Every structure is written in C-alpha cells, then in structure tokens.
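Protein chains in written order, with the numbering used here: chain A, 1 to 431; chain B, 432 to 867. Beta carbons: idealized from backbone N, C-alpha and C, even for Gly. A quick note: this is a predicted structure, and the numbers were derived from the prediction, not measured.
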Amino acid sequence: MRIPATSYTIERFTLANGLRVVLQPDSSAPVVGVTVVYDVGIRSEPEGRTGFAHLFEHLMFQGSENLEKLAHFKYVQGAGGTFNGSTHFDYTDYYESLPAGALERALFLEADRMRGPRLNEENVRNQIDVVKEEIRVNVLNRPYGGFPWLKLPPVMFDTFANAHDGYGSFVDLESATVEAAAGFFAEYYATGNAVLAVSGDFEVAAARAMVEKHFGNIPGRPAPVRPSFAEPDLTAERRDSYTDAMAPLPAVALAWRVPDPIVEFSAYLPYVLLAEVLTDGEAARLQERMVLRDRTATSVGGYIGFMGEPFEVRDPTVLLLQVFMPPGGDTDKVLRTVDEELERLATDGLAEGELARIQARFVTHFLRETDAVTNRAVRLAVLELQHGNPALINDLPRLLGEVTEAQIIAAAATLRPQRRASIEVIPGVSA
Amino acid sequence: MSSVVPDLTPAGPLVVPERAERTLPNGLHVIAIRRSSIPLVELRLRVPFAQADLARGGLLAGTLFAGTDEMDIYAITTELQAVGGGLAAGTDLDRLTISGNCLVDGLDRLLELLALTLNGAAYPSGEVETEAERIADRISLARTQPGHLARVALLKRIYPGHPYEVQTPDPEQVRAVTREDLAAMHAARVRPDGASLVLVGDVVPEKALDSVAQALSGWTPGAPEVSFPDLPALGGGPITLVDRPGSVQSCLRIALPGVPRSHPDHPALTLANLVFGGYFSSRLVGNIREDKGYTYSPHSGVEHSLAGSTIMISADVATEVTAPALLETLYELGRLAVLPPDTEELEQAREYALGSLRLGMATQAGIASLTSMLEGFGLDLDWLAAHCDRLAAVTLEEVAAAGARYFSPANAAIVILGEADVIEPSLKALAGVVRA
C-alpha cells in the first residue's frame, strides 16, 4: 500500500530577540494550537536539584507580569480552551488548544510568562506541595510507579544528567528556593532558547503581526551553551532489580543505546521501526513468541526513549522493551527469549510484507497524532528546536517508508546482551 | 478581567461537518462524516450490551479479533496492518465498542475484515485461554490500585442491587469462561439491530455508506431488547471508610444524583458542575489544590450511562489532610447549593463548555467517538448543535437552581479509602463514619 503523507504549509521566521517561530495555517476546523517549547529538560538539572525542571514548569503557571495567580487558567479556559505543560528529558513544553478566536489571547499569555513568572515564596511552597502529591499519585502510591522511566536510567547511565530521578527527591524539592527558580529562568527561559509554534485556523499575515506585537518587545537573551550529555556505550551487561511493595506481578524493562536521533538521523530511523517490528500488534515477533506461544509474558511493549517519543528526544537514548510476566514469571527466560528473537531476525531477516505492514501501521499512528492542532504545534516546535526543520513533519512518513529490510536487520544485530541494561520488578504482594 | 488581555473574536455557531446516514436492512445504522485533514479514516461500531455478563463480555471483546474459521490471529492482524489498520474491541456497562482506523485507501479492506469477524469470530481456545489470563492479571493489578478500590467501594455504596453495582468481574470468573460461552454470547448479542457504525475521515460520505452496505449487509440481525432498571435512589448518610493499610494518600470519592443529557436541567447542571470542580478554573481546584496544596488532581464530572446519570467527585489527598480536604469539599458543595455563582465564573464556564465542544470536533478521532457516544443515547450531531445553543442561553438563575438541586452536601454519598486508623478520628469530627 502506498504510504501517504501530509502537505502542511509551514512558515518559519526568527524575531529580532532570537525567538524562533513556526506558523502552520489549517482551516479544517475553527481551532488553534499554541505552544512554546523551551530547550531545557530533566537532563539540564544541576546536582542537588532533582525534579527542578518539572517544579519550575509548575511555577510558570502561577502568574506573570500582567497576570495574577490562577489568571492564566481562567483566561485560557474562559476562552473555551485547555492548557497544560510537561517536562521531558530534553525540552519543556507549554501549550493551549483553543477556539480560533482566542489566538491573540493565547499569544499574549505565553508572551507574558516568557517575560517572567511571578516567583515568590508562597508560590514555590504551594507548588512543592502540589508536585509532592503528583509524585505520590504517579509513583509512590501505585504499583509500577515510575517503571521504567525513572527506574531504568540509573542502570543504563552513569552521569548525573542522564541517570537521575527526573521527578525529584522530596529532599531536593523541599530545598528549592525563589532564588534558584529565578536563576533557572534567567539561564534557560531565554528568547533564544525557545520556539513558538502555532497551528490551526488563522491567516499567516495576521498571526505574524500578533506574534510581533506580543513577543517582539521581550528583551532578547541568547540560549545557554547546551553541554554534551554523551556517555560511552555499555560494554558489559547491566542488571538490577527492586521490590515494588504494591506490585502483584513481575516485570522487566530492558534497553540498548541507539544512534544519535538528531546527528545520525538516517541511521536512527530503522530503530524506530525495529521497536514496532518487535512489539506492535499480536503478529509482532515478541508478542507472537512470548505472549501467544510461550506465555512467558502477559504484555510486551517497545518504543524509543524513556518517554516513548522517537521524534522528540536527543542523544543519548535507548530502544526500550517493557515486559509484564504472569505470576512466577522468569526474567532470565524473558531475556534469553528476546536475545533469541533478535538473533533470528538478524540471521533470517524479515518475512514477506512484514516491514511494509509495520511501516503502514506506524505511519497511521504518526498521522493520527498530528490531526489535533496542539499535538501538531508541539511536534513542529520540537522539530524546529532539535532539527531546525519543522517540515520534517511532512517528510517523515516518506522517510519511514524508505527504511529497508537490510537496515532493520543491521539494527537488530546491534542489540546484543553485552550492550543491554535491564531493571526487574520483584512483586511485593501476591497476585 | 485585566484590560491588557486581548479580547476574544466571537465564535460562530457550531458547524456540523458534511455527513450522510443510512439504516441497512439488517438494522445497522451507519453514519459517514467527512474530515479530510489527514489521509485516514476512523471507525466506531457500537453494539448494545446492556446486562451482558461482565466476565464473558470482557473476554469476548479481548478475543473478537483472535481468529475466524479461515483466518488465525496472525492473519487478521497482518492483513489489517497491511492497510495501516487496526481494530480493537472493548466493553462497558452499556455497550460493546469496536474502534479502529486505517489509511483511507484501505477502508474497504478494513470493513471486509470487520465483517469476517462479526460473522465468523471463532474464539480459538488457545487465544481465549491466553486472553483470560491476561485479563485476570489486569484485574489483580487493578485491585492493588487505590483508585480502583475506592471506585469499587463507591459503586457498592451507591448502586446496591443494581447491575451497575459491580463493574469488574473476579479473575476466577474470567478464567472460567469457555470458548463455547463466547460463541453463544456472540450469537445472542453481537448483532446489527440497534447497533451503529460511524466512519469519519477523508471520505465522500455517500460512497463510504456504500462501502459499509457492501461489506456489512450480510451481518444477520436478531438481537434481544435488553434494558436496565432505574438506578437506586442516592442519598447522604455517614461516610463509608475503607481501610487500606500503608496508604500515603487517601482517596476521597463523593457521588450525587444527576440527570441525563435529554433532561431540561442538563445544560444548567453542566455549567454548575464546571463551576464546582469540572475544570481547572473551578472552585474545588482553586481551593484544595492551588490554595491549600492538598491534592494534585481534584475533579468533578457527570457520568452518563443508560440507566442514569451520577455526579462523581474525586480527589486523592495526602493522608494528614484527609479531613481538612473533605471539609473544604463539603464547604464548596454547600456554597454552590445555597449561593448563586458570580456572573464572571458562569461566563467562564460557559465559554469553556462551548470551546470544549469545538475542540472535541476538531479531529477525526474526536468526531468519531463523540458521534458514536451520542448515538448510544439516541442523540446526534444536530442535538449537539442545539445543545450549544442551550448552553449559550442558560441563565444565572438556572445555574443557581441547578446548584441547589444537584450539589447539596446533604445528599452526598461519601466514600474514603486510606489509612483508616489515622484518618478516622478527624473524619468523625465532621460526620458519622461507618467502616466498610
């Protein structure tokens, strides 16, 4: 089947203060998506400040130059919109989805906090409490909390930047100060370190004028120099385990390093599809073998990066497999089976039509995600930030369709046990 | 509002996308809608499933695409993937839902594969056994989750004796289901009469209807008409306290009786609920999250099901602030019940409700799910457009009246799950407490 693609119109420009802007007009629905993405994430946190990037994201919602605490929420939702922000390993995004008539308001709101959030003792204390509750809900008070995205990086990596807990320790969170927040803002929330993207129902000239009006007079600051977070590849297998007091069933996550997603983009793409070949759908190799045939697993998932966003992550990152097992499941057996299946793939190659169907299905997922204006705006902004090329959104279906069987086989051949890190969950309660 | 903040350009009326509808001779109601934004098509098939056995229903949904007499599970999956497609089934209390999507050029093939399974799902014993174990494991896992346990306790409190009282089967019930049970359930219930199929995508609606008619006219009717008894009357009374030793948070759950979408009070209730706790800019979030920091995600919403509608309020709070969080929540309920909201907070809630509908209609998947959901309640996109007009017309007095009628703390059924010995003494200062 022919792999289709989108042909989104994409306009790019840079304001005098260094802010990069991507506009993507689309009149198919009367809505707009607005996002500002900053080139700072979990990896940028200094030692002793685990969780700070995420805490700071919360502080960006607590009022700004012209806006009281809670005003941001009221202006977005009072315009019929929704909002959120999220902190990733390599970027932090803020976004709104709104009816088209609220575009200028959303631009004003994002510009206002780009000038500076209201950082004060009360807001910092309150948001430390909110973040602690978030961690309790998502990690501490539930089985498999933080598995594997918080549990596997410290096994895989050695440097603080790559290995530390991105949600943060309560001790570090509690030590956060207004001064530290102000310093973090000054360094990372610079115009030169950000991308604004707008997707949806607007006229480009009018939107551009609004962007100039609201963002143009923000004092320009250059992007900080982004340090290399590179680490050498593993040369010997690493395994670790922990007991999860609330988990009823064993699980294991395993990962291997992949080529640099930006610098080695064409070498990287086959790994994106390899994860799908192994795990997407009942006919995928590991599903067929472990879930349906051997019954050594109850579910198998596979993706790139600890947050599963293959086109929004930088080096170093991983191809990750996540396996949940039945009661009494055997991790050694799971690891052996994965090795066998990779070996079989590297030796015997793919079945007829196997790659084509995986490509068709993956492109469907990819296109489907971009139908919502805000998802599209975030994707465009991150492609601009990391690749300097938001038009990749239109090219990716074709590029994925051009990945060859030989490339998949070569990628599979690199996933050797000695390059693997894994973390096992030992159940703390009986099923 | 501050004068520097740009005003909104008013939105026009809700524009309903181009669509066509047809009811096939076998009773299947088909709706095709054009949204050409991406070269895909979304599919939703909804089959009435009222009072279907939970264990069998869940397993039927999990193995519907596991094979036919001619095709095994690998063949079905690979044939679907070849057109970029996927199909998955799920059940809730009211319906069996099949959701899928594919590259638009693959629509005919997707429908063909759907028809093969609707007419000839074979429920192979190996796949049934495997899926039963997976579902049983998932239920065991859910039973370790505080949110699930709190919901189970709440349902027991508010729907005693009703089919909605228990919404998750026991793992052993799932393991006991045989492939013959599934084949019998399929023959009895997976039928086109009363069912609806929605397609949304880069399609010409009339042509898409022809494709459906071609593929699914051979699906044979014969479904029974099954309905639900009314929900039991819901009222206040002492707090139900459920002990979960070792909890670092307490799950606070409150239920109040609501009304269905077709009720004249529905638009006012929708807005009153938003003001109370239905979105971030609500009183509940402003109070117990943004002011007090007690919780990460407090929420209030109206759950609509065929048997009735219930207002559900939830917050997961730190153990030591359980009683203070309940106190503030009851205060906010009482405030809405006895005092009218401000004009400004009403207008904000109204804009939010109207904007959310537009955002919900802005993707293929959103239109498909919304249309299919409405179909399940006998409503359609014309109803939605009229609903927008009604939301725009609701008065402050009507919202105040809805607040008084639906948010009275005296009617609240309260369930709290957490470290009971620690939280019970302070809860007793606020209300009677009964251990579950």
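Residues bridged to residue i (per DSSP)
i: residue 95 of chain A; result: A:35 and A:84
i: residue 14 of chain A; result: A:20
i: residue 257 of chain A; result: A:318
i: residue 424 of chain A; result: A:241 and A:252
i: residue 474 of chain B; result: B:531 and B:630
i: residue 668 of chain B; result: DSSP, once it has assigned bridges, lists no residue as partnering residue 668 of chain B.
i: residue 682 of chain B; result: B:747 and B:848
i: residue 303 of chain A; result: A:320
i: residue 646 of chain B; result: DSSP lists no partner for residue 646 of chain B.
i: residue 521 of chain B; result: B:528
i: residue 688 of chain B; result: B:741
Whole-angstrom C-beta distance between residue j and residue i, which should lie under 8 Å
i: residue 760 of chain B; j: residue 685 of chain B; result: 7 Å
i: residue 767 of chain B; j: residue 703 of chain B; result: 6 Å
i: residue 516 of chain B; j: residue 493 of chain B; result: Actually they do not touch by this definition, with Cβ atoms about 19 Å apart.
i: residue 100 of chain A; j: residue 30 of chain A; result: 5 Å
i: residue 842 of chain B; j: residue 700 of chain B; result: With a Cβ gap of about 14 Å, residue 842 of chain B and residue 700 of chain B do not count as contacting.
i: residue 726 of chain B; j: residue 746 of chain B; result: 5 Å
Test item: CB-CB of residue i and residue j under 8 Å
i: residue 744 of chain B; j: residue 717 of chain B; result: no
i: residue 79 of chain A; j: residue 786 of chain B; result: yes
i: residue 464 of chain B; j: residue 706 of chain B; result: no
i: residue 44 of chain A; j: residue 118 of chain A; result: no
i: residue 735 of chain B; j: residue 691 of chain B; result: yes
i: residue 654 of chain B; j: residue 479 of chain B; result: yes
i: residue 223 of chain A; j: residue 428 of chain A; result: no
i: residue 812 of chain B; j: residue 781 of chain B; result: no
i: residue 380 of chain A; j: residue 39 of chain A; result: no
i: residue 141 of chain A; j: residue 693 of chain B; result: no
i: residue 123 of chain A; j: residue 59 of chain A; result: yes
i: residue 397 of chain A; j: residue 4 of chain A; result: yes
i: residue 860 of chain B; j: residue 754 of chain B; result: yes
i: residue 236 of chain A; j: residue 49 of chain A; result: no
i: residue 376 of chain A; j: residue 370 of chain A; result: yes
i: residue 95 of chain A; j: residue 33 of chain A; result: yes
i: residue 777 of chain B; j: residue 733 of chain B; result: no
i: residue 425 of chain A; j: residue 334 of chain A; result: no
Distance, residue j Cα to residue i Cα
i: residue 852 of chain B; j: residue 318 of chain A; result: 45 Å
i: residue 218 of chain A; j: residue 28 of chain A; result: 32 Å
i: residue 620 of chain B; j: residue 486 of chain B; result: 15 Å
i: residue 255 of chain A; j: residue 408 of chain A; result: 17 Å
i: residue 598 of chain B; j: residue 435 of chain B; result: 50 Å
i: residue 549 of chain B; j: residue 561 of chain B; result: 21 Å
i: residue 612 of chain B; j: residue 570 of chain B; result: 20 Å
i: residue 848 of chain B; j: residue 672 of chain B; result: 6 Å
i: residue 496 of chain B; j: residue 519 of chain B; result: 8 Å
i: residue 228 of chain A; j: residue 91 of chain A; result: 15 Å
i: residue 342 of chain A; j: residue 271 of chain A; result: 13 Å
i: residue 16 of chain A; j: residue 73 of chain A; result: 29 Å
i: residue 472 of chain B; j: residue 535 of chain B; result: 5 Å
i: residue 213 of chain A; j: residue 713 of chain B; result: 31 Å
i: residue 155 of chain A; j: residue 322 of chain A; result: 15 Å
i: residue 215 of chain A; j: residue 262 of chain A; result: 28 Å
i: residue 320 of chain A; j: residue 258 of chain A; result: 10 Å
i: residue 856 of chain B; j: residue 748 of chain B; result: 17 Å
i: residue 191 of chain A; j: residue 629 of chain B; result: 45 Å
i: residue 248 of chain A; j: residue 313 of chain A; result: 32 Å
i: residue 432 of chain B; j: residue 205 of chain A; result: Note that residue 432 of chain B scores a pLDDT of 45, beneath 50, so its modelled location is shaky; the value from the coordinates is reported in the next line. Taking the straight line from one Cα to the other gives about 28 Å.
i: residue 220 of chain A; j: residue 188 of chain A; result: 12 Å
i: residue 647 of chain B; j: residue 468 of chain B; result: 27 Å
heavy atom of the ligand ZN below 7 Å from residue i C-beta
i: residue 688 of chain B; result: Here there are no bound small molecules, and the ligand ZN is not part of this structure.
Give the list of continuous beta strand (DSSP E) stretches no shorter than 3 residues that lie fully inside the region 18 to 66 of chain A. 20 to 25 and 31 to 38
Which complete alpha helix (DSSP H) runs does the region 184 to 246 of chain A hold, if anything under 4 residues is left out? 204 to 215
Going along the chain, which unbroken runs of the beta strand (DSSP E) with 3 or more residues stay wholly within the region 705 to 762 of chain B? 730 to 736 and 739 to 749
Write down every uninterrupted run of the alpha helix (DSSP H) in the region 321 to 375 of chain A whose length is 4 residues or greater and which is fully enclosed by it, in chain order. 331 to 348 and 354 to 369
Which full runs of the alpha helix (DSSP H) of 4+ residues lie inside the region 119 to 193 of chain A, going along the chain? 121 to 135, 153 to 156, 160 to 163, 170 to 174 and 178 to 188
What alpha helix (DSSP H) runs, 4 residues minimum, are completely inside the region 807 to 842 of chain B? 812 to 824 and 827 to 837
Taking only runs that begin and end inside the region 481 to 505 of chain B, name each unbroken alpha helix (DSSP H) of 4 or more residues, in chain order. 485 to 494
Along the chain, which unbroken stretches of the alpha helix (DSSP H) at least 4 residues long are found entirely within the region 552 to 580 of chain B? 556 to 573
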